[in-house]
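Numbering (full-length UniProt numbering), first residue to last: 1 to 173.
Accompanying notes for the structure given below.
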DNA sequence: CCCTGATTCGC
DNA sequence: GCGAATCAGG
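Spelled out as structure tokens, the structure:
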């Protein structure tokens, strides 16, 4: 497959919409994100409004001097939190994971999902007792292809992690 | 480790 | 022109 006019148009559109290169590659199919990035550059439309709608990059300060507002927060914030809940994720790493669906029913109301609200990008981790009133799905933003958010994905895939996550994009579809 | 875009360079 | 490999970064 090559860069037909149609594919280039779609690329421009999606790139303009702020989708990441990998997302666009997934949309187009049969190309890698590298191909997309390479094409984007050759087309000369690299720069764009920062912050993709979905994945990482909550912000990119790009400022030279520190505002030095007040004291730094206690959390070191080691790496860029690409998911949704930075401090939460850190807590997960530092503390032993609690029971999957019992203990931590601490999902923001606005994030919770029912079977109706679930989408491709909402965490399907069940919360509470299925069939009962308090049952709902996590609803967080999923970690790329996975059905769960970063938090629940860690829990879900903890015991058996030997299996390589199939990282290939769409070019084998 | 997950991800992001940027760049290089052989094809 | 193309894109894998690599680089730099959150």
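For every residue, glycine included, the Cβ atom is placed at its ideal position computed from N, Cα and C.
| Query | Result |
| --- | --- |
| Please report the straight-line C-alpha distance between residue 33 and residue 124, rounded to a whole angstrom. | 27 Å |
| Measure the C-alpha to C-alpha separation of residue 12 and residue 136 and round it to an integer number of angstroms. | 38 Å |
| Taking all protein chains shown into account, decide if residue 28 is buried (16 or more other Cβ within 10 angstroms of its Cβ) or exposed. | buried |
| With a threshold of 7 Å on Cβ separation, who are the neighbours of residue 148 within its own chain once the five nearest residues in sequence on each side are excluded? | 123, 124, 125, 142 and 156 |
| Give a yes or no on whether the C-beta atoms belonging to residue 140 and residue 117 are separated by under 8 Å. | no |
| Can you tell me where the alpha helix (DSSP H) holding residue 38 begins and where it ends? | 33 to 42 |
| Mind checking residue 20: buried by the 16 CB within 10 Å criterion, or exposed? | buried |
| Any idea what DSSP makes of residue 116, helix, strand or coil? | coil |
| The alpha helix (DSSP H) that contains residue 3, what's its start and end? | Where residue 3 is concerned, there is no enclosing alpha helix (DSSP H), given that its DSSP letter is neither H nor E. |
| Enumerate in chain order the residues of its own chain whose CB-to-CB distance from residue 129 is below 7 Å, with the five nearest sequence positions on each side excluded. | 135 |
| Alpha helix (DSSP H) containing residue 19: first to last residue? | That residue, residue 19, is in no alpha helix (DSSP H); it is neither H nor E in DSSP. |
| If contacts are defined as beta-carbon pairs under 8 Å, then residue 40 and residue 15 qualify, I think. What distance do you get, rounded to the angstrom? | 6 Å |
| What's the call for residue 115, buried or exposed, on a 16-neighbour Cβ count within 10 Å? | exposed |
| Using the C-alpha atoms, what's the distance from residue 119 back to residue 10? | 23 Å |
| Whole angstroms are fine: how far does the CA of residue 108 sit from the CA of residue 121? | 17 Å |
| How would you label residue 26, buried or exposed, when you count the other beta carbons within 10 angstroms and need 16 or more for buried? | buried |
| Just how far apart, CA to CA, sit residue 18 and residue 112? | 26 Å |
| Taking just the CA atoms, how far does residue 30 sit from residue 1? | 7 Å |
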